[in-house]
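**Q** Have a look at this one before I ask anything.
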Amino acid sequence: MLIDADAMLGRHPRRDAGPGTVAQSLADMDRFGIAESLVSHSWSWLHDPRAGNLRLLDLVADQPRLHACWVLLPATCEETGTPERFVAAALDGGVRAVRAYPADHGYDLAGRDVAPMLAAVSEAGLPLLVDATQTTWGAVESIATAHPSLTIVVGGLGYRVLRQAAGVLSRTRKVHVGLANLSSHCGLEWLVERYGYGRLIFGTGAPLRDPAESVTRLLWSELDDEAVAAIASGNLLRVVA
Amino acid sequence: MKALFDREPPRSVRIVDAHAHTGPYSLFFIPDSGAEAMARVMDRCGVSHAVISSHLAIQLDAAEGNAATADVVDRLPDRFTGYLTVNPWQDPTGELGKWGMDPRFGGIKLHPDLHDYPLTGRRFEPVWEFAEETGCPVLTHTYDDSPYNDLPMLEEVATRHPDVVILAGHAGATPLGFDRAIEVAQRRPGVVLEVCGSFNTGADIVRMVREVGPDRVVYGSDFPFIDLRMSLGRVIFCDLTEEDRAAVLGGTMTRLLEWRSGLE
Chain D
1 MLIDADAMLG RHPRRDAGPG TVAQSLADMD RFGIAESLVS HSWSWLHDPR
51 AGNLRLLDLV ADQPRLHACW VLLPATCEET GTPERFVAAA LDGGVRAVRA
101 YPADHGYDLA GRDVAPMLAA VSEAGLPLLV DATQTTWGAV ESIATAHPSL
151 TIVVGGLGYR VLRQAAGVLS RTRKVHVGLA NLSSHCGLEW LVERYGYGRL
201 IFGTGAPLRD PAESVTRLLW SELDDEAVAA IASGNLLRVV A
Chain U
1 MKALFDREPP RSVRIVDAHA HTGPYSLFFI PDSGAEAMAR VMDRCGVSHA
51 VISSHLAIQL DAAEGNAATA DVVDRLPDRF TGYLTVNPWQ DPTGELGKWG
101 MDPRFGGIKL HPDLHDYPLT GRRFEPVWEF AEETGCPVLT HTYDDSPYND
151 LPMLEEVATR HPDVVILAGH AGATPLGFDR AIEVAQRRPG VVLEVCGSFN
201 TGADIVRMVR EVGPDRVVYG SDFPFIDLRM SLGRVIFCDL TEEDRAAVLG
251 GTMTRLLEWR SGLE
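Protein chains in written order, with full-length UniProt numbering: chain D, 1 to 241; chain U, 1 to 264.
In structure tokens form, the structure reads like this:
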């Protein structure tokens, strides 16, 4: 069973990614054999995190195959409330994970401003998703050290960063790698051999990325069926709230 | 697609990777960049053949790199054909003279972005002359808005050399680049779109086939830069007829590699 930990609803301004509707998302999931998806909303990324998070809850309320992933901000201006209120509202709404866009939202993931929010998220058992292009590996290691219970999933690695990722993965326990655009040649197999299949989590990056990439990458990998099953869904189910 | 979900390689279609490399590369770590590991991945995914230029050739040293490419073809001749890399700063005429008629090479590879030299530059003239005389296809890196190989430059060389088959590597590489590459290919019949890269999607590939035809769109992966399965998955899942998909996956590239049979 495939569960996509890296998908999004909503429109996109910089390429033709379709209407971003629930219907489109479900149709794409059917096409690629994806049973369920953890989705955030493009409004939370590119417009208004608070409004996007609330809109997302409305959209997935009656969709058992879609699970909400909210976008967090530093609480310095209380745009999404205090850390305590943000986390309480997330849990009340059935949110299963949170995502950060530190580059696009203008803060340092390892800085003091967002630290209380990360502490609250960690305390609540919500995994943190972040794309490699939104932060640095140094920042990922820093927050993993500061919040040792926090599960972090770094997605969108591309094919040029294994050298940087490897050190952080070696020195941390709860940093995971997402499959969306995990595109180093034989990189998936190398990561599993070195860190175990428990550190990898299936995701597509849809609709900006073509889900065909991650599905094909995983199913035609050189991994055995046990590892594929864990990466496809088992690992995510283990870490989500 | 059933083969994929069964975790078995596809066997019903000949797949030829039109854009591949081999060997280590200094800018980033590649877990296993050797030809044997590449062949193993090809077996896993049902890819019959790949056309390669060594990373050594495109990154640093065309002469030693072309020898490295030829060596891989010697070791695994059924799996690989070489692209002869021409670096405009490293004796283009000499490299063409040394390797041009060597059957281990099935095409010429240009990478203007890596060599800081424009695709339209005079140092590439021996390449176009050789391609016009022989029918040898030329694969060039393309990237929208690049100072060395953007789409207007592709159009300029395709206009100057209408009888040369020019494979537009990455088909412009970005969403805007895909639109521009399609427009160039519609105006210049010698241009063939090659689809590997980080930003392409199945929907983009379908649009390319619809706009320029399945005989002018070819599957490539850029492996072992980018894992072969990323681009392959897009083509396997995208909304093409099986006939058109077979052409993109390997039929068209197989035909383009047969130019030597027409030489006297």
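All C-beta atoms in this analysis are idealised placements derived from N, C-alpha and C, irrespective of residue type, glycine included.
Restricting to Cα atoms, I'd like to know which of 5(U), 115(U) and 164(U) is closest to residue 88(U).
**A** 115(U)
**Q** Checking contacts by CB at 7 Å: is residue 233(U) closer than that to chain D?
**A** yes
**Q** Determine which residues of the region 80-94 of chain D have a Cβ less than 8 Å from any Cβ of chain U, and write them out in chain order.
**A** none
**Q** Would you give the residue range spanned by the alpha helix (DSSP H) that residue 192(D) belongs to?
**A** 187-195
**Q** Sort out for me which residues DSSP pairs residue 240(U) with in a bridge.
**A** DSSP output for residue 240(U) lists no bridge partner at all.
**Q** Between the beta-carbon of residue 224(U) and the beta-carbon of residue 30(U), is there less than 7 Å?
**A** In this structure, residue 30(U) lies closer than 7 Å to residue 224(U) by Cβ.
**Q** Strictly below 8 Å CB to CB, what residues from chain U border residue 215(D)?
**A** 4, 233 and 237
**Q** Is the shortest distance between the beta-carbon of residue 202(U) and the beta-carbons of chain D less than 7 Å?
**A** Taking a beta-carbon distance threshold of 7 Å, residue 202(U) counts as an interface residue toward chain D.
**Q** Starting from residue 15(D), find everything on chain U with Cβ-Cβ shorter than 7 Å and list it in chain order.
**A** 175
**Q** At which residues does the beta strand (DSSP E) containing residue 231(D) begin and terminate?
**A** Where residue 231(D) is concerned, there is no enclosing beta strand (DSSP E), given that its DSSP letter is neither H nor E.
**Q** Please report how far the alpha carbon of residue 157(U) lies from the alpha carbon of residue 139(U), in whole angstroms.
**A** 12 Å
**Q** Starting from the N-terminal side, write out each stretch of the beta strand (DSSP E) that is 3 residues or longer and does not extend beyond the region 59-125 of chain D.
**A** Fully enclosed beta strand (DSSP E) runs of no fewer than 3 residues occupy 66-71 and 97-100 of the region 59-125 of chain D, in order along the chain.
**Q** Under 7 Å between the Cβ atoms of residue 208(U) and residue 232(U)?
**A** no
**Q** My understanding is that residue 65(U) touches residue 76(U), with C-beta atoms under 8 Å, so please give their C-beta distance in whole angstroms.
**A** At roughly 17 Å, the Cβ-Cβ gap does not stay under 8 Å, so residue 65(U) and residue 76(U) are not in contact.
**Q** My output table needs one value for residue 35(D): the three-state DSSP class, helix, strand or coil.
**A** strand
**Q** Count the other CB atoms within 10 Å of the CB of residue 279(D); is the residue buried (16 or more) or exposed (fewer)?
**A** Residue coverage of chain D in this structure runs from 1 to 241, which leaves residue 279(D) outside it and unanswerable.
**Q** Is it buried or exposed for residue 130(U), if we count other Cβ within 10 angstroms and need 16 for buried?
**A** Buried, by the Cβ-count rule.
**Q** Which residues of chain U have a Cβ atom closer than 9 Å to the Cβ of residue 55(D), listed in chain order?
**A** The contacting residues do not exist; residue 55(D) stays about 25 Å from chain U at best.
**Q** Between the region 8-15 of chain D and the region 2-18 of chain U, do three or more beta carbon pairs fall short of 8 Å?
**A** no
**Q** Could you tell me which residues DSSP pairs with residue 167(U) in its beta bridges?
**A** Note: residue 167(U) sits in a beta bridge opposite 139(U) and 192(U).
**Q** Would residue 161(D) and residue 132(D) be called neighbours here (beta carbons separated by less than 7 Å)?
**A** yes
**Q** For residue 152(D), write down the residues that DSSP places opposite it in a beta bridge.
**A** 128(D) and 175(D)
**Q** Give me the residue from 12(U), 61(U), 119(U) and 104(U) with the minimum Cα distance to residue 141(U).
**A** 119(U)
**Q** Quick check: residue 71(D) and residue 44(D), are their CB atoms within less than 7 Å of each other?
**A** yes
**Q** So, is the C-beta of residue 210(D) closer than 7 Å to a C-beta in chain U?
**A** yes
**Q** Quick check: what's the CA-CA separation for residue 159(U) versus residue 47(D)?
**A** Their backbone Cα atoms lie some 44 Å apart in a straight line.
**Q** Look at the alpha carbon of residue 222(D) and the alpha carbon of residue 249(U), and state the distance between them as a whole number of angstroms.
**A** Each residue's Cα considered, the two are about 22 Å apart.
**Q** Which residues does DSSP pair with residue 246(U) in a beta bridge?
**A** Beta-bridge pairing links residue 246(U) to no other residue.
**Q** Can you tell me which residues form a DSSP beta bridge with residue 157(D)?
**A** Answer is none; residue 157(D) lacks a bridge partner.
**Q** Leaving aside the five residues before and after residue 262(D) along the sequence, list all residues of the same chain whose C-beta is less than 6 Å from its C-beta, in chain order.
**A** Here chain D comprises residues numbered 1 to 241, so residue 262(D) is not present and cannot be evaluated.
**Q** On a CA-only basis, which of 218(D), 88(D) and 164(D) is nearest residue 28(U)? Give me that one, please.
**A** Of the listed residues, the one whose Cα sits closest to residue 28(U) is 164(D).
**Q** Could you give the first and the last residue of the continuous beta strand (DSSP E) run that contains residue 4(D)?
**A** 2-9
**Q** Helix, strand or coil for residue 21(U)? Go by DSSP, reduced to three states.
**A** In this structure, residue 21(U) counts as strand in the three-state DSSP scheme.
**Q** Can you pull the chain U residues whose beta carbon is under 8 Å from the beta carbon of residue 160(D), in chain order?
**A** 27 and 28
**Q** Strictly under 7 Å for the Cβ-Cβ distance: is residue 186(D) near chain U by that measure?
**A** Yes, because at least one Cβ of chain U sits closer than 7 Å to the Cβ of residue 186(D).
**Q** Rounded to the nearest angstrom, how far is the Cβ of residue 41(U) from that of residue 228(U), given a contact under 8 Å?
**A** 6 Å
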